[in-house]
Structure formats: C-alpha cells, structure tokens
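Protein chains in written order, with our numbering: chain A, 179 to 538; chain B, 15 to 120.
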C-alpha cells in the first residue's frame, strides 16, 4: 500500500522525498486514499514535477520550464523521427523506377538517364556524414534534401502539359496509384513591368502514392523556347516507425529537459549571482533554440495547405533544421554554463533547507 | 489570493494543524466545495512557507504515522487579515447592490 505511494513520490526530488515522504504518505493514508486512484496519482505526479523546479513562490519558473521542455521535446521528437527513417526501404533501383515511369508514360518511354541518390538524405548530392558537417552547420544546411530516383526528358511543346497530366491521371489509378490534384503555377516571375505574364513558363506538379513509393511528376512548359520538360521522381513514403519514434523522442526530450532544468533551478535557488547569470544565459538559450521553430512553422503550415502531401515534410524541417542548425547549437551551448554554475557547491543554508522552514 | 490559499491560511489561523487536519478543515470551512488533494496542499504549503506566511510547528507520531504541524507566521496573520478585510468590503458592496436589485425584481 505505502509502496505504491513511495513509487509515486519519485516524481518529487530526492531531498524533498527524504524530508516529506513519510509525512505525505501518512497524510494520504489519513485522507482515506488507501490505494492511489488516478486523481491522486495525477495530482502527485504533477505537483512532484512542479516541486522539482524549486522556487515554490515563483509562477514564472514553471512557465519557462514548460516552454523549454516543449522546445527540447520537439528537437528530441525530430531526432526520433530521423532514427525512425532508418527503417525505410532503400530508394528504388533504376530498373524498378524505369518500369514504373514507363507504365505511366508508355508513349514517351524513358529516354533520359535515371539518377539514383547516394543515400536517403543528401546534401549537395552527397550522403550526410561528418565530412559535410561544416556545410550542414553553415547556413547552407537548407541544401539538404530527401534522396530520390529520378529522370527527366524533353518533349515537343505541342505535346501539351494538360495532355500529359490528363494521361497520367488516367493511368495512375489503373496502376494502383493514389493521385493528388495537380497544382499548376508560374515557373518564373515577371522581372519588369513590360513582361506579359501569359508568356511565362508554367509548371504542374502531380503527386501519387503506392505503398511506400511516392511518385512526383513535374512538367515545365516554356512557350518562348517551344519546349516541354517532363521530370519524374520516386522516393520513399514516411515509414510507420517514424511516428512512434517521434512521440518517444518528444517524451524523452521533454522529460530530460524538465529534470535538468529543475535540477539547475534548485541548485541555484539560494545563490543570487549564479541565479541572475543563469537567467540571462537561459534566456539567450531559449531564444536561440525556439527562434527557428517560431520562424519555420507558419511557413510549413502554409506550404502543406497549398498542395497535397502524401508525405509530410520530416519533422526536423518544421523546426527549421538543418538550415538553422548552427543557431540551435549555439543556443544549446549557452545552456552549458548554466549547468556548470549549478555544479558549484551549494551554501550550507541551502543544503539544510527543508521543504518548509522549521519553526523558530 | 486564490480560494484554496485563503482557506488554508484560515484553517491555520486558530491552531497549528497537520496535513490531513488542514485538508479536513478546508473541506469544512468551504462546506465541502473545496476538496484539497495532498499534492496540491503540500505545494501550497511550500509556496506559503517560501512567502514567509506559514512555518513548521512540531512533529508527532500517532498510530505509527508521522504528523507534522504547521502554523501561521506573523506575516501570515497580517496577510490573512488584509485579505479578509478586502473580501468583507467586496461582500458589503455586493450586498448593498443586491438590496437595491431585489425589490426591483420582486
């Protein structure tokens, strides 16, 4: 009976459990909670986690802890999603891609070279590795992308974009593909006021999914050049383990952040200058880590609403990664001195300070 | 000041009390409307102690269970008195307005 309560009291910090554990269990038993029901369980866990932050009279400490935990939870979630992507099948081989492309456009066939990315994720065509870490950390990180197996071919303009898309929309379902609505837009913008928008090249994007294959058909028509470009690419859909891995990553990231934040907060509770310095460093760290998310999420929402996505952009792209990875790294680096300050020995007063001051 | 905080201070105004005593007294003072769970109560006690309004009084072992008593500090009595006066002033104003409003409704 008391064993279950003692287990729940693990939500509280160790010093607090030593000071208050026996008393709290006595109160719980006195109150008739012979067994911890879900209300009591939830109540103890929530207040125990709040207690881990120290500074019981402060309301802002809980707010900052929640914000930082959510931010780091999201980065943990992105890391989990990336690990989950390791379960994806390798990119389609050239022969498989050629067969798929031909089944959609048998009249055109595959006349161009078929390219297959060197890895599932690449930057400037090379697999992500420590060798291109400097590129990744520079603001060139946005050049990273999901790999694919692709080909393109030039067709006479007389073929017509509409005819190509119409025939694709007819053949895709017949071959077991689920197709999206095609999205047409200008492929360039007018540079001068004298430009006639109707003469601009136009592009159409059609996306389809079959199993774990994502097929993108991209046409660009340039009336001035009398040319029609047809590009097709095959890539992998998001593998299902990405979702549980992302959730697990969030929980681990958020919980670890809460515990570390709480530890540092309690350690610096009775040390004014360490506390002030930690607050400044934490504020900087919070700004640097949250800024890419605040900046990128609205853009991603707008982008996803504007066209059908059989595969949502990976979570890290929603967090502005790896384009803003250097900013996040600097932000996390700024948190390290805060932790170092917390490691300094605590004054005797703080070490002997109980949960509630002893009477005079 | 939130109602549970006011009730905890009121519960401790007369005599020092232990945790379960506070829970019971708060329920009685509020006619059963406010049922404090232990986690909530200890968080409130910690906050009140950090604000210097409550402090530890003594410990007892009863039936093998540890009972730790808490009491109001001088500041706690002062804050409770100020809050009580504030609530009384609000209640007086509200009652005066109600006396005017009720005959109209009737």
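Heads up, the beta-carbon is just placed ideally off N, CA and C, and yes, glycines get one too. Predicted model only: the values in this text are computed from it and were never measured.
Reference residue 456 of chain A; option with closest CA among A/228, A/184 and A/242
Numbered from its first residue, the first chain carries residue 456 of chain A at position 278. Nearest neighbour of residue 456 of chain A by Cα position, chosen from A/228, A/184 and A/242, turns out to be A/242.
Any C-beta of chain B sitting closer than 8 Å to the C-beta of residue 312 of chain A?
As a position in the first chain, residue 312 of chain A is number 134, starting the count at 1. False, the Cβ-Cβ gap to chain B never drops below 8 Å.
Below 8 Å between beta carbons: does that hold for residue 52 of chain B and residue 189 of chain A?
Within the second chain, the letter at position 38 stands for residue 52 of chain B. Within the first chain, the letter at position 11 stands for residue 189 of chain A. It is not a contact, given that the beta carbons lie outside the stated cut-off.
Using beta carbons (cut-off 8 Å, strictly below), is residue 88 of chain B in contact with chain A?
Numbered from 1 along the second chain, position 74 holds the residue referred to as residue 88 of chain B. With 8 Å as the cut-off, residue 88 of chain B does not count as an interface residue toward chain A.
For residue 328 of chain A, collect the residues of the same chain with a Cβ closer than 6 Å to its Cβ; drop the 5 residues on either side in sequence, then sort them by chain order.
The residue labelled residue 328 of chain A in the question sits at position 150 within the first chain. So the list reads 293 and 411, once near-sequence residues are dropped.
Can you tell me whether residue 65 of chain B is helix, strand or coil according to DSSP?
Counted from its first residue, the second chain places residue 65 of chain B at position 51. Coil at residue 65 of chain B, not helix or strand.
Do residue 270 of chain A and residue 353 of chain A count as a contact pair if the criterion is CB distance below 8 Å?
Sequence index remark: in the first chain, residue 353 of chain A carries index 175 (1-based). Sequence index remark: in the first chain, residue 270 of chain A carries index 92 (1-based). No, they are not a contact pair.
Where DSSP assigns a beta bridge to residue 305 of chain A, which residues make up the other side?
Along the first chain, one-based indexing puts residue 305 of chain A at 127. For residue 305 of chain A, which the question treats as bridged, DSSP gives the partners A/300.
Excluding sequence positions up to five away, which residues of its chain have a Cβ less than 6 Å from the Cβ of residue 382 of chain A?
Here residue 382 of chain A corresponds to residue number 204 of the first chain, with the count starting at 1. The residues are 339, 343, 360, 362 and 397.
With a threshold of 8 Å between beta-carbons, can residue 91 of chain B be considered close to chain A, or not?
Against the second chain, residue 91 of chain B aligns to sequence position 77. It does not; no Cβ of chain A falls within 8 Å.
Taking Cβ positions, are residue 403 of chain A and residue 333 of chain A nearer each other than 8 Å?
Stepping through the first chain from its first residue, residue 403 of chain A is reached at position 225. Stepping through the first chain from its first residue, residue 333 of chain A is reached at position 155. Here residue 403 of chain A is not near residue 333 of chain A, since their CB atoms are 8 Å or more apart.
Quick one: give me the first and last residue of the beta strand (DSSP E) that residue 231 of chain A is part of.
Counted from its first residue, the first chain places residue 231 of chain A at position 53. That residue, residue 231 of chain A, is in no beta strand (DSSP E); it is neither H nor E in DSSP.
What residue ranges within the stretch 227-294 of chain A form continuous alpha helix (DSSP H) runs of no fewer than 4 residues, ordered along the chain?
238-263 and 272-282
Chain A contact for residue 101 of chain B (CB, 8 Å cutoff):
By one-based count along the second chain, residue 101 of chain B stands at place 87. Closer than 8 Å: no.
For residue 361 of chain A, which residues does DSSP report across the bridge?
If you number the first chain from 1, residue 361 of chain A lands on position 183. DSSP output for residue 361 of chain A lists A/383 as bridge partner(s).
So what does DSSP say about residue 32 of chain B, is it helix, strand or coil?
On the second chain, residue 32 of chain B is found 18 positions in, with the first residue counted as 1. Reduced to three states, the DSSP call for residue 32 of chain B is strand.
Among the candidates A/365, A/324, A/307 and A/282, whose CA atom is the shortest distance from the CA of residue 355 of chain A?
If you number the first chain from 1, residue 355 of chain A lands on position 177. Of the listed residues, the one whose Cα sits closest to residue 355 of chain A is A/282.
Give me the chain A residues within the contact set of residue 37 of chain B, using Cβ-Cβ distance strictly less than 7 Å, ordered along the chain.
By 1-based counting over the second chain, the position of residue 37 of chain B is 23. Going along chain A in sequence order, the residues near residue 37 of chain B (Cβ under 7 Å) are 209.
State the CB to CB distance for the pair residue 375 of chain A and residue 400 of chain A, rounded to an integer number of angstroms; the pair is presumed to be in contact (CB under 8 Å).
Locating residue 375 of chain A in the first chain gives position 197, where the first residue counts as 1. Locating residue 400 of chain A in the first chain gives position 222, where the first residue counts as 1. That belief does not hold up - the Cβ atoms of residue 375 of chain A and residue 400 of chain A are roughly 14 Å apart, past 8 Å.
Can you tell which of A/492, A/261, A/494 and A/503 has its C-alpha closest to the C-alpha of residue 315 of chain A?
Residue numbering aside, residue 315 of chain A sits at position 137 when the first chain is read from its first letter. Checked all of A/492, A/261, A/494 and A/503; the closest Cα to residue 315 of chain A is A/503.
Distance check for residue 435 of chain A and residue 441 of chain A, CA to CA, integer angstroms please.
Position 263 of the first chain holds residue 441 of chain A. Position 257 of the first chain holds residue 435 of chain A. Going from the Cα of residue 441 of chain A to the Cα of residue 435 of chain A covers about 10 Å.
Could you check if residue 457 of chain A belongs to the surroundings of the ligand NAD, using beta carbon to heavy atom distance under 7 Å?
By its list of ligands, the structure shown contains no ligand whatsoever, and the ligand NAD lies outside what it can speak to.
Near-chain A residues of the stretch 36-67 of chain B - C-beta to any C-beta below 7 Å:
Those would be 37, 51, 52, 53, 54, 56, 57, 59, 60, 61, 63, 64 and 65, in chain order.
Close Cβ partners of residue 248 of chain A (< 7 Å) along its chain, the five nearest in sequence each way excluded
For the purposes of this step, residue 248 of chain A is identified with residue 70 of the first chain, where counting begins at 1. Answer for residue 248 of chain A: 432, listed in chain order.
For the stretch 419-444 of chain A, list the beta strand (DSSP E) runs that are entirely contained and at least 3 residues long, ordered along the chain.
Complete beta strand (DSSP E) runs here, min 3: none at all.
Residue closest to residue 470 of chain A, alpha-carbon to alpha-carbon, out of A/213, A/319 and A/222
As a first step, residue 470 of chain A is located in the first chain; it is residue number 292 there, counting from the start. Comparing Cα-Cα distances from residue 470 of chain A to each of A/213, A/319 and A/222, the minimum goes to A/319.
Proximal residues of chain A, C-beta to C-beta of residue 82 of chain B below 7 Å:
Counted from its first residue, the second chain places residue 82 of chain B at position 68. The answer, in chain order, is 201.
By the 9 Å beta-carbon criterion, what residues does the stretch 222-252 of chain A contribute toward chain B?
222, 223, 224, 225, 226, 228, 229, 233, 234, 235 and 236
Report yes or no: do three or more beta-carbon pairs, one from the stretch 447-461 of chain A and one from the stretch 480-487 of chain A, lie closer than 8 Å?
no
Chain A partners of residue 79 of chain B, CB-CB under 7 Å?
Position 65 of the second chain, counted from the first residue, corresponds to residue 79 of chain B. Per Cβ cutoff of 7 Å: 204, 207 and 208.
Under 8 Å between C-beta atoms of residue 124 of chain B and residue 62 of chain B
Residue 124 of chain B lies beyond the residue range present for chain B, which begins at 15 and ends at 120; the question has no answer from this structure.
In chain B, what lies closer than 8 Å to residue 524 of chain A by C-beta?
As a working mapping, residue 524 of chain A is identified with position 346 in the first chain. In chain order: nothing, as chain B lies at least about 17 Å away.
By the criterion of Cβ-Cβ separation under 8 Å, what are the contact partners of residue 198 of chain A in chain B?
Taking the first residue of the first chain as 1, we reach residue 198 of chain A at position 20. Result: 56.
Whole angstroms are fine: how far does the CA of residue 448 of chain A sit from the CA of residue 197 of chain A?
As a working note, residue 197 of chain A is residue 19 in the first chain. As a working note, residue 448 of chain A is residue 270 in the first chain. Roughly 18 Å between the two C-alpha positions.
List the endpoints of the continuous alpha helix (DSSP H) containing residue 402 of chain A.
Stepping through the first chain from its first residue, residue 402 of chain A is reached at position 224. From DSSP, residue 402 of chain A is part of no alpha helix (DSSP H); its letter is neither H nor E.
Among residues of its own chain, excluding the 5 on either side of residue 199 of chain A, which ones have a beta-carbon nearer than 6 Å to its beta-carbon?
Residue numbering aside, residue 199 of chain A sits at position 21 when the first chain is read from its first letter. Hits under 6 Å: 187.
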